[in-house]
Every structure is written in C-alpha cells, then in structure tokens.
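Read left to right, the sequence shown gives residues 119 to 677 (our numbering).
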Amino acid sequence: MQELLERKKGLRRKVLIVDDEFIEREMLGAMLKELYDIEYAGNGREALEIISKEKIALSLVILDLHMPEMDGYSVLEALKSDNELRRIPVIVLTSEKEAEVKSLQMGAADFISKPYDMPDVIRARVGHAIELAEDTIIIHETERDELTGLFHKEFFFEYGKRIDFLNNNMPMDAIIIDINRFHIVNELYGRSYGDEILKKIGDGIHKLVKESGGLACRFDSNGFYIYIPHNDGLMEALNSQIEKMHESLGDNNISIRMGVYLDDGSGFNMEQRFDRARLACNKLRNSYTTCVDFYNEELHSKELHSERLINDMEKALAEKQFKVFYQPKYKITGDKPVLTSAEALIRWFHPEFGMVSPGEFIPLFEDNGLIQKLDRFVWTEAASQIKRWKDDYGVYIPVSVNVSRVDVFNPMLGCILSDLVNINGFSPEKMLLEITESAYTDNSQEIIDTVNGLRDRGFKIEMDDFGSGYSSLNMLTSLPIDALKLDMKFIRNICNNTKDCRLVEIMIQIARLLEVPVIAEGVETKEQMELLKSIGCDIIQGYYFSKPLPPDEFSKLIK
Ligand code: C2E
Ligand code: CA
Ligand code: CA
C-alpha cells in the first residue's frame with residue numbers, strides 16, 4: 119500500500135512489452151521509454167517468467183495476442199487465475215475486432231490496434247490503464263484482508279446488505295467457519311504456519327464463492343463468514359470444499375467447525391442470519407474433529423431460555439429465589455461412617471421455571487462473570503450456616519464451597535473469604551474451598567499464586583473433579599492442595615468397569631503420594647461404597663448417604 123502511494127507520487131513505473139516481432143516491440147518501446155522503464159519479452163512464456171519475478175514492480179503489461187510458444191490469451195488466463203498477478207493491468211495488441219472483444223472479456227484493461235498510429239493516443243491509453251488499476255488496488259487493499267484476499271467484515275456486511283436490497287431479499291444462506299483451537303496452532307507451529315493455514319482455507323472459500331456466487335470475509339483471527347444464494351446443492355458443495363481444504367492442510371490435526379443458517383423464508387436480515395449461524399457454530403466449540411451443524415428453532419429457544427436466566431439472575435438474588443443446600447460427606451475409614459462435613463450447593467427456585475439445576479445456569483454465569491456475585495452469596499450463606507449450627511448444636515460442621523475459576527482472578531478473593539470467617543467468629547479451616555482441576559491446568563501459575571495466598575490465610579483447598587483435567591504427576595506434586603475429590607464419572611461405573619476401578623485406585627495412590635485424603639462423590643450404592651472403602655478412599659459424598667438438603671433437614675443429620 120505504502121509502496122503504491124509512493125509510486126503515485128511520480129516514481130517511474132515499469133512496463134513490460136510482449137511481442138514476438140522485434141520491430142513492433144522497439145517501436146512501442148520508443149514511444150514509451152521517456153515516461154516508463156521498459157522491459158521486453160518475445161513470447162508468452164518469457165513474459166510470465168518476468169512477470170512473476172517482477173510482480174511488485176510491474177505497473178502494466180502490453181501484450182501481443184499472436185505469438186509462438188505461448189500466445190497472449192494463455193498469458194491473460196494465467197494472470198487472471200493468480201491472486202497476486204490479477205492486479206496487473208494488461209493492454210492487448212491486436213488488429214481484429216473479434217479479438218478485442220474476447221480479450222476484454224478475459225480481463226484485459228484495454229487494447230491498442232495495429233498498425234500503431236498516433237503515439238499520443240497510445241501514451242494516453244497506457245497512462246490511463248495504469249492509473250485506473252492503481253486506484254482500484256488502493257480501494258481493494260482496504261476492503262480486503264491482505265492474507266486471504268477475502269473482504270474485511272465491514273465491507274462484507276455493506277456489500278451483503280446491498281445484495282439483499284438490490285435482489286429484493288432473495289434467499290441467502292449464512293455460513294460461519296472457525297478453526298478449532300487456532301491459537302494453539304500458532305503457538306505450536308509459529309505464526310507463519312498459522313498464516314499458511316488461513317490462506318489455504320481462504321482459497322477454499324474463494325472457490326466455493328466462485329462456484330455458488332455470493333461473498334465471503336475473514337471475520338476475525340480464526341473465523342470466516344460466507345454469504346451465498348440459497349441452493350439445494352449447498353451441502354454437497356460444502357462437503358467437497360471441506361474435503362479439499364483438509365487435503366490441502368495435510369496431516370496436522372487441524373480441524374474446522376462450521377455453523378450454517380439455511381434461509382427458510384423467515385425474512386431475517388443479514389445480521390440475524392449470521393447470529394443464527396453463530397449459534398450453530400458455537401455448539402461445536404469443543405469438538406476435536408471437523409463438523410458442521412445447522413441452526414434450528416430448538417437451538418434458538420434454548421438460547422432464549424439461557425438469556426432469560428441471565429436476565430433474571432439479579433432479581434432472583436434480590437428476591438431470594440436462590441437457596442443453598444448442603445450435602446453431607448461421611449468419613450468411612452472407621453467401623454461406622456461418620457458425618458464429617460458438607461458441600462454447599464446452590465439451588466434456584468424460579469417463579470416460572472420451577473427448580474433450575476445449577477448444571478444449567480452455572481456455566482452461563484461463568485461465561486459472563488455473574489458467577490462471582492452468586493458465589494459470594496453462597497459463601498456468605500454457608501459461613502453464617504456454619505455459625506448457626508455451632509450455636510444450635512455445639513459442633514462445627516465444616517462446609518466446603520465451590521470457588522469458580524473466575525473468582526480466582528479476583529484480587530479481593532482472600533479478603534472476602536477472611537472477612538466472612540472473621541464476622542462469623544470461626545477459623546478458616548472450617549470453610550473448605552473446592553476448586554476444579556481444570557482451573558489449575560488452564561492458568562496454572564496464576565492459580566498457584568492465588569491458592570498459596572488462600573492457604574497462608576489458613577484455608578484448606580480441595581481439588582474438585584480430579585481426573586477430568588490434565589494435571590501431570592509432576593505438576594501435582596508442586597500444587598498446593600489439601601484433598602483430592604475424584605470426578606464423579608469414574609465412580610459411576612466403578613463396580614462394573616475394571617478400567618475405571620483401576621483408574622480410581624491409581625488416583626488414590628496419587629493422593630497417598632501427596633499425603634492428602636481422597637473424597638469420592640456421586641456414590642449411589644452400597645456396592646460402590648464398599649469397593650471404595652476397600653481400596654482406601656477416605657471420605658464419601660453421594661445419594662447413597664443423602665441428597666443435598668435444605669439447612670433444616672440437614673440439621674436432623676447433625677442431631
Ligand atoms: P460439583 O461441584 O461436582 O457438585 C457435585 C454435584 O453432584 C452436585 O450437583 C450434586 O448434587 C451431585 N451429586 C451428589 N451426589 C450425587 C450422586 O450420588 N449421584 C449423582 N448423579 N449426582 C450427585 P449439582 O448440585 O447439580 O451441581 C452441579 C455443579 O454445579 C457442581 O458440580 C458445581 O460445579 C456447580 N455448582 C453447584 N453449586 C455451585 C456454587 O454455589 N458455586 C459454583 N461456582 N458452582 C456450583
Ligand atoms: Ca464441588
Ligand atoms: Ca465435583
């Protein structure tokens with residue numbers, strides 16, 4: 119771009135004259151050499167060599183159509199099918215009317231008739247062709263992504279809306295393509311490799327759009343948007359493009375996900391169509407293989423439901439629709455199980471939807487940070503509950519609370535928790551903190567620092583869902599933890615799946631190595647309990663003993 123502007127400011131441009139007739143070449147050269155640097159080629163092949171070597175410097179090609187070896191038409195074709203060479207304007211030399219039309223159709227900028235007449239006319243045509251081409255490049259360079267040659271999103275939406283307007287809302291499909299875990303590709307193989315991948319996918323998209331019509335853009339660092347006229351063969355075309363893209367990417371585990379909104383005549387505008395394609399695409403967010411999904415109404419109503427929950431959250435908190443339940447944990451190392459502590463679990467009694475499961479709303483609130491407010495509510499409730507039970511029954515029942523990964527980034531976390539235990543007058547080890555294993559693997563150093571800070575304040579940390587993350591043994595031994603809580607999914611089949619059983623045994627051995635107790639949750643049967651006991655599990659939580667209970671029902675257990 120910079121270079122182009124410089125050139126516009128009066129630098130000499132370079133022009134390539136291609137003709138097999140020596141005399142004609144020289145004549146043209148003589149007319150132009152005062153204004154331009156001239157290069158010559160005697161046939162098409164020679165010309166292409168020079169063009170690809172000098173593609174940046176070259177401002178114009180003047181091309182004879184009839185030459186031995188490789189004629190002018192073939193050169194035109196080669197230039198037009200190359201992304202980088204396409205921008206170089208070509209003036210053809212001809213003496214036939216038919217050839218003029220044909221070459222203009224093939225992308226020539228202009229023509230000069232043989233035999234040459236007025237040099238001034240020729241110079242004017244040359245100057246004009248160069249100027250026009252440079253102006254279009256400047257426009258094109260700002261509307262297109264440099265790497266892929268696809269539109270930038272602003273132009274994409276502008277042109278798309280224009281298509282809709284001019285075509286009186288002809289049915290259009292919206293497609294979003296994202297590359298899975300692209301940041302990892304960049305980290306592992308380097309940026310230039312990542313760029314290559316983007317380019318290849320960009321090429322595939324170019325082809326698709328060329329075949330089906332429509333337009334496409336690079337939307338962000340790893341995503342592409344495609345807007346094309348609705349047609350029944352779309353799926354077939356997409357599949358074959360995906361296959362080709364994969365072939366071109368080679369064997370490197372790079373996969374893409376694709377969300378599609380097919381126009382069903384609902385009359386949505388361009389943005390609404392892409393919102394829907396986005397929903398379909400996001401559904402595939404954690405997949406490791408390439409896949410395609412389509413938007414449907416069910417997906418949309420689910421999304422609306424989620425939005426309702428998010429919007430209702432603050433009001434629900436104010437109106438006390440949230441309740442904290444407690445599920446007991448029993449120590450099973452002695453003859454008889456002994457109640458040792460409880461886990462605080464949130465429940466939402468929604469006036470319209472009834473009981474909403476935390477599995478449904480917690481992930482939503484984690485996505486947008488609302489979880490911090492909710493967790494703080496639970497911690498506050500749990501802390502005062504610990505005190506109430508002590509007041510009522512003379513014993514402390516330690517309660518563990520869940521700490522979301524988002525909370526870990528809150529620099530006030532330690533203060534908030536310390537304040538709570540101080541206000542209620544008990545020591546910090548009565549309030550246990552559950553942090554999920556995957557939080558450790560996501561941002562290890564940050565979380566280690568935070569957790570160390572919490573332990574310095576006297577809190578005990580339980581690693582939740584252990585076995586579901588990817589902690590290495592090496593990493594575990596350096597982590598600050600006080601208990602391991604096995605992921606429920608291993609317990610589910612422990613009695614009839616020897617592999618799961620073996621895994622649990624290994625995890626228990628790891629806990630021994632770290633010198634911390636093991637908690638198994640999701641224990642539903644006597645069989646599971648006894649098996650766990652026999653392999654050395656210390657503490658058990660699950661429906662076998664009790665479901666999570668409201669505080670007054672839990673009190674009965676204490677009695
Ligand atoms: P979690 O921390 O792993 O909690 C254990 C889940 O297992 C709870 O589900 C509990 O009710 C359930 N459970 C307990 N025993 C059994 C059993 O024997 N069988 C089966 N099938 N399930 C059992 P719940 O209460 O639905 O909570 C789901 C998840 O939501 C929790 O998983 C936790 O990640 C999150 N959550 C719940 N309350 C809170 C909270 O206050 N704050 C945060 N940040 N997350 C919470
Ligand atoms: Ca938990
Ligand atoms: Ca868990």
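Glycine included, C-beta positions come from ideal geometry on N, C-alpha and C.
Per the coordinates, the alpha-carbon of E167 lies some 18 Å from the alpha-carbon of D155. For E552, the distance from the CB to the nearest heavy atom of ligand 2 is below 6 Å.
The beta carbon of D350 sits no closer than 6 Å to any heavy atom of ligand 2.
Distance from the CA of I676 to the CA of Q659, rounded to the nearest whole angstrom, comes to 16 Å.
Rounded to whole angstroms, the separation of the alpha carbons of D493 and S475 is 15 Å.
Our two residues, P207 and A251, have alpha carbons roughly 6 Å apart in a direct line. Our two residues, L427 and N528, have alpha carbons roughly 24 Å apart in a direct line. The beta carbon of N520 sits closer than 6 Å to at least one heavy atom of ligand 1. Counting only runs of 4+ residues, the alpha helix (DSSP H) found wholly inside the region 192 to 233 occupies 215 to 223, in chain order. Inclusion of G477 in the 6 Å shell around ligand 1 follows from its C-beta lying nearer than that to a non-hydrogen atom of the ligand. Nearest to Q627 by C-alpha distance, out of G472, D656 and K279, is D656.
A distance of 7 Å or more separates the beta carbons of R465 and G532. Distance between S177 and A148, taken at the CA atoms: about 18 Å. With contacts defined by Cβ atoms closer than 7 Å, R204 and A292 do not form a contacting pair. DSSP places V641 in the coil class of the three-state scheme, outside both helix and strand. DSSP places A460 within a strand segment (E or B) once states are collapsed to three.
Here the alpha carbons of K401 and V410 stand approximately 10 Å from one another. Annotated as proximal: L667 and F443, with beta-carbon spacing under 7 Å. One alpha carbon belongs to E642, the other to C399, and they sit about 37 Å apart. When distances are taken from the beta-carbon of L649 to the heavy atoms of ligand 1, even the shortest one reaches 6 Å or more. Out of R506, I566 and D393, the CA that lies nearest to the CA of D670 is found in R506. Residue nearest to L572 within the set P546, G585, G587 and E555 is P546 (criterion: CA-CA distance).
DSSP places S518 in the strand class (E or B) of the three-state scheme. Taking 7 Å as the cut-off, the beta carbon of E415 is found no closer than this to the beta carbon of L397.
DSSP places V634 in the coil class of the three-state scheme, outside both helix and strand. Residue burial is scored here from C-beta neighbours: M185 has at least 16 other C-beta atoms within 10 angstroms and is therefore classed as buried. In the same chain as L316, and ignoring 5 residues on each side of it, the C-beta atoms closer than 7 Å to its own belong to L265 and T266, in chain order. The way I'd put it, the region 366 to 373 doesn't touch the region 346 to 354; fewer than three beta-carbon pairs between them come closer than 8 Å. The C-alpha of C335 is placed about 46 Å away from the C-alpha of N570.
The residue from Q503, V378 and M376 with its alpha-carbon nearest to that of K548 is Q503.
Under the three-state reduction of DSSP, Q490 is assigned to helix.
7 Å or more divides the Cβ of G587 from the Cβ of T616.
Per DSSP, V524 has no beta bridge partner at all. With respect to the C-alpha of I180, the residue from K607, L134, E329 and S221 having the closest C-alpha is L134. For F412, the enclosing beta strand (DSSP E) stretches over residues C409 to F412.
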